[in-house]
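Engineer: First to last, the sequence lines map onto chains A and B.
According to the working numbering, the first sequence is numbered sequentially starting from 2.
According to the working numbering, the second sequence is numbered sequentially starting from 68.
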Amino acid sequence: KAGVTQTPRYLIKTRGQQVTLSCSPISGHRSVSWYQQTPGQGLQFLFEYFSETQRNKGNFPGRFSGRQFSNSRSEMNVSTLELGDSALYLCASSFQLAGDSYEQYFGPGTRLTVT
Amino acid sequence: GQSLEQPSEVTAVEGAIVQINCTYQTSGFYGLSWYQQHDGGAPTFLSYNGLDGLEETGRFSSFLSRSDSYGYLLLQELQMKDSASYFCAVYGGATNKLIFGTGTLLAVQP
Numbered sequence: 002k003a004g005v006t007q008t009p010r011y012l013i014k015t016r017g018q019q020v021t022l023s024c025s026p027i028s029g030h031r032s033v034s035w036y037q038q039t040p041g042q043g044l045q046f047l048f049e050y051f052s053e054t055q056r057n058k059g060n061f062p063g064r065f066s067g068r069q070f071s072n073s074r075s076e077m078n079v080s081t082l083e084l085g086d087s088a089l090y091l092c093a094s095s096f097q098l099a100g101d102s103y104e105q106y107f108g109p110g111t112r113l114t115v116t
Numbered sequence: 068g069q070s071l072e073q074p075s076e077v078t079a080v081e082g083a084i085v086q087i088n089c090t091y092q093t094s095g096f097y098g099l100s101w102y103q104q105h106d107g108g109a110p111t112f113l114s115y116n117g118l119d120g121l122e123e124t125g126r127f128s129s130f131l132s133r134s135d136s137y138g139y140l141l142l143q144e145l146q147m148k149d150s151a152s153y154f155c156a157v158y159g160g161a162t163n164k165l166i167f168g169t170g171t172l173l174a175v176q177p
């Protein structure tokens, strides 16, 4: 069974631009969660999608948005990029909602650098 | 709200035993998970405790005390490849989110 895939793996953007990241979950998994990871901050929860609906949202500004498609693939978008958005963005999938699953499967992440 | 605390760094020598603690504050609680992340890699699931007590998986064990809002990950017979960051995560609760701690960087020295 293929693991969670994320594209692109690396991305360099300029302040003010926008970016779209993609995540393909493990086949059959319906939940996709997104996390931002920065040094010293651990994994900060962004949002979770389940069956094309946003089920949970973290404490991030509205510049961060996402969506999920009928095949469970998910995208997250960050508009008006700021230097502080430079981070590793991880997605994780599970069959059930993350809060009902004790294990999530993570993708390799997208390393975003904002200059 | 929910918060988790773990030490930022731990150093140990090959072959030794190390314990990484995690204390949590959460409104509602279902269980505690542990994840390992090597530098530049994806977090991978290690263990889960839904009930009080010790769960053992090979060289790794995890413990939970719900009354103390405390858990730990125990790594035995340390190997160089165990050098990584270890995250505890609170599962469930009123927000139904999986919230991660800030991680403990384990350095295993020869």
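By construction, the Cβ of each residue, glycine as well, lies at the ideal position given by its N, Cα and C atoms.
Report the three-state DSSP secondary structure of ALA83(B) (helix, strand or coil).
Structural biologist: ALA83(B): coil per DSSP, three-state reduction.
Engineer: Any Cβ of chain B within less than 8 Å of the Cβ of GLU76(A)?
Structural biologist: No, because no Cβ of chain B sits closer than 8 Å to the Cβ of GLU76(A).
Engineer: Look up VAL5(A) in the DSSP assignment and give the residues it is bridged to.
Structural biologist: According to DSSP, which records beta bridges pairwise, VAL5(A) is partnered with nothing at all.
Engineer: Please name the residue, chosen from CYS24(A), ARG64(A), GLY110(A), that lies closest to TYR50(A) on a Cα-to-Cα basis.
Structural biologist: Closest option to TYR50(A), Cα to Cα, is CYS24(A).
Engineer: By the 10 Å Cβ neighbour count, where 16 or more other Cβ atoms means buried, how is HIS105(B) classified, buried or exposed?
Structural biologist: HIS105(B) comes out exposed.
Engineer: Do the segment 14-23 of chain A and the segment 98-109 of chain A meet, that is, are 3 or more Cβ pairs less than 8 Å apart?
Structural biologist: Not touching, per the Cβ criterion.
Engineer: Output the distance between the C-alpha atoms of LEU121(B) and GLY98(B), rounded to the nearest integer angstrom.
Structural biologist: About 13 Å.
Engineer: My guess is that LEU113(A) and GLY17(A) are in contact by the Cβ rule of under 8 Å, so how many angstroms apart are they, rounded?
Structural biologist: About 14 Å; that fails the 8 Å criterion.
Engineer: For chain B, check one thing: does any of its Cβ atoms lie closer than 8 Å to the Cβ of LEU91(A)?
Structural biologist: Yes, LEU91(A) lies at the interface with chain B (some Cβ there is under 8 Å from its Cβ).
Engineer: Does the count of Cβ pairs from the segment 118-136 of chain B and the segment 84-102 of chain B closer than 8 Å reach three?
Structural biologist: Touching, yes, given that three or more Cβ pairs across the two stretches are closer than 8 Å.
Engineer: How far does the beta strand (DSSP E) with ARG68(A) in it reach, from first residue to last?
Structural biologist: Counting along the chain, the beta strand (DSSP E) containing ARG68(A) begins and ends at 65-69.
Engineer: Given a cut-off of 8 Å on the beta-carbon distance, is the pair TYR153(B) and LEU173(B) in contact?
Structural biologist: Against a cut-off of 8 Å, the Cβ pair of LEU173(B) and TYR153(B) comes out as a contact.
Engineer: Please classify GLY98(B): does DSSP put it in a helix, a strand, or coil?
Structural biologist: Note: GLY98(B) maps to strand in three-state DSSP.
Engineer: How should ILE166(B) be labelled, buried or exposed, when 16 other C-beta atoms within 10 angstroms of its C-beta is the threshold for buried?
Structural biologist: By the neighbour-count rule (16 or more Cβ atoms within 10 Å), ILE166(B) is buried.
Engineer: Under 8 Å between C-beta atoms, does LEU165(B) make it to chain A?
Structural biologist: So, interface residue.
Engineer: Work out the CA separation of LEU47(A) and ASN60(A) for me, nearest whole Å.
Structural biologist: Cα-Cα distance, rounded: 7 Å.
Engineer: Determine the burial state of PHE130(B): buried for a count of at least 16 other Cβ atoms within 10 Å of its Cβ, exposed for fewer.
Structural biologist: Buried.
Engineer: So, helix, strand or coil for VAL100(A), using DSSP?
Structural biologist: Contrary to the premise, residue 100(A) reads as Gly rather than Val in this sequence. Helix, per DSSP.
Engineer: Comparing C-alpha positions only, which one of PHE65(A), SER73(A), SER94(A), SER71(A) sits nearest to ASP86(A)?
Structural biologist: Comparing Cα positions, the closest option is PHE65(A).
Engineer: In terms of residues, what are the limits of the beta strand (DSSP E) holding GLN37(A)?
Structural biologist: Where GLN37(A) is concerned, the enclosing beta strand (DSSP E) stretches over 32-39.
Engineer: Would you mind working out which of LEU84(A), SER80(A), GLN69(A) sits nearest CYS92(A), comparing C-alpha positions?
Structural biologist: Per the Cα distances, GLN69(A).
Engineer: In this structure, how does DSSP classify LEU84(A) when only helix, strand and coil are distinguished?
Structural biologist: It is helical.
Engineer: Please confirm if PHE112(B) has its CB atom under 8 Å from at least one CB of chain A.
Structural biologist: Yes - at least one Cβ of chain A is within 8 Å of the one on PHE112(B).
Engineer: Which residues does DSSP pair with ALA174(B) in a beta bridge?
Structural biologist: Answer is THR78(B).
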